[in-house]
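Asks:
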Amino acid sequence: MKLHTRYLPQASSTCADESECFACDHQPAINEIEKVQALVAQLRAIILPEYEMIPDLRLELVSQLFGSLQDCASKAILELWRYGESTSYMTPVPHYDGHQWRKYGQKNITNSKHQRSYYRCTYKHEQNCMATKTVQQQEHNTTETVMYTVVYYAHHTCKANTGPALPHVIETSTPQSAMSPDRIIASQETVSPHTGSHKILENGHATQQLTEDMQVLLKKIACAPLDSDIWEMDAILCRINAC
DNA sequence: CAAATTTGACCACT
DNA sequence: AGTGGTCAAATTTG
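Under UniProt numbering, the final residue of the first sequence carries the number 243; numbering is consecutive throughout.
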């Protein structure tokens, strides 16, 4: 177990599986880059005073090269850090994740048929919550269900109403799933008819009608367009919970 | 009428 | 200059 307080300060979580954890995976690389930064600084401290003693046109060039080296190292760390902040999922229900979002933008993405939508936490201004997410319909679906790629940036720091929990929610496979225990997204398995068939065997004819209704509702969620109203989804899920 | 969404403009980065 | 992310005024929705 490791604490990722350095590169995931807001999460301060422990990881159960280091092989799937960004911070555990990339921390050695970040450490090595920081060593390079320290060595470059030492080298600069030794070499530049020597050049200053002997007036030379190369002094400026050498100084620039050291500057570039430091910039490269800083950017490399920044990129690793930024990548570590995001988590992406595939889901047929991009709107229902237990948080309230406000859409603030939509863009055409090059070489992509579908637009990308940008969402921020509804409580961004009231509670200074910096959580954002992007939603984009996937290009090539191997299944009949329309799937979306949802990328989350930063964690929720707001104390919002988190809405009803999904029944039998299964997290989609993700390389960084261990980092985001609070971001459970309904996967395609949620709309599997298997759960319904079990109830038919257990409870008889009345339940069969009920589970058929549930399947219709679940199919409606799975096939909903990207711009469906989130509260309509909530209403549907409340009915499912009532079942 | 307040809240949410849309959409063109703007900005940073490469 | 092209691209992606954000802002904010206009518009829509409940």
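Cβ atoms here follow ideal geometry from the backbone N, Cα and C, with glycine treated the same way.
For I109, which residues in the same chain have their Cβ closer than 8 Å to its Cβ, ignoring the five residues on either side in sequence?
Replies: So the qualifying residues of the chain are Q115, R116 and Q136.
Asks: Quick one, are the C-beta atoms of residue 244 and K103 less than 8 Å apart?
Replies: Summary: the structure shown does not reach residue 244, with the chain confined to residues 1 through 243, and so no result is reported for it.
Asks: Is the beta carbon of V150 closer than 8 Å to that of K124?
Replies: no
Asks: Whose C-beta lies closer than 6 Å to the C-beta of E212 among residues of the same chain, with five residues either side of it excluded?
Replies: Low confidence applies to E212: its pLDDT is 48, below 50, so where it sits in the model is not reliable, and the reading given next is rough at best. So no residue of the chain qualifies.
Asks: When you compare each of R58, E34 and W101 to Y152 by their alpha carbons, which one comes out closest?
Replies: Its Cα nearest to that of Y152, the residue W101 stands out among R58, E34 and W101.
Asks: Taking DSSP's pairing of strands, which residues face C121 in a bridge?
Replies: W101
Asks: Whole angstroms are fine: how far does the CA of S86 sit from the CA of D97?
Replies: The straight-line gap from Cα to Cα measures roughly 16 Å.
Asks: Does DSSP classify Y96 as helix, strand or coil?
Replies: coil
Asks: So Q136 is in the beta strand (DSSP E); what residue range does that whole segment cover?
Replies: T132 to Q137
Asks: The beta strand (DSSP E) with T91 in it runs from where to where?
Replies: Per DSSP, the continuous beta strand (DSSP E) segment holding T91 begins and ends at S86 to T91.
Asks: Going by C-alpha to C-alpha distance, which of Q106, A76, A41 and K75 sits closest to F66?
Replies: Answer by Cα proximity: A41.
Asks: What number of angstroms, rounded off, separates the C-alpha of K107 from the C-alpha of K159?
Replies: For K107 and K159, the distance between alpha carbons rounds to 30 Å.
Asks: Which same chain residues, not among the five before or five after I47, have their C-beta less than 7 Å away from its C-beta?
Replies: V62
Asks: Could you check whether H155 and H99 sit closer than 8 Å to each other, using their CB atoms as the reference points?
Replies: Cβ atoms of H99 and H155: not closer than 8 Å.
Asks: Start and end of the beta strand (DSSP E) containing V150?
Replies: Y148 to Y153
Asks: In whole angstroms, give me the CA-to-CA distance for P28 and A76.
Replies: 13 Å
Asks: Opposite K107 in the DSSP bridges: which residues?
Replies: R116
Asks: With a CB to CB cut of under 6 Å and the five nearest residues on each side skipped, what residues in its chain are close to H205?
Replies: Here H205 scores only 38 on pLDDT, less than 50, and its place in the model should not be relied on; the value that follows carries that caveat. Taken in chain order, the list of residues that qualify is empty.
Asks: Quick test of your reading: T91 and M130, contact by CB under 8 Å. State the CB separation rounded to the nearest angstrom.
Replies: With 8 Å as the limit, T91 and M130 do not qualify as a contact, their Cβ atoms being about 22 Å apart.
Asks: Please report the straight-line C-alpha distance between D71 and L39, rounded to a whole angstrom.
Replies: 14 Å
Asks: Assuming the contact rule is C-beta atoms closer than 8 Å, E52 and L59 should be a hit. Round their C-beta distance to whole Å, please.
Replies: 7 Å
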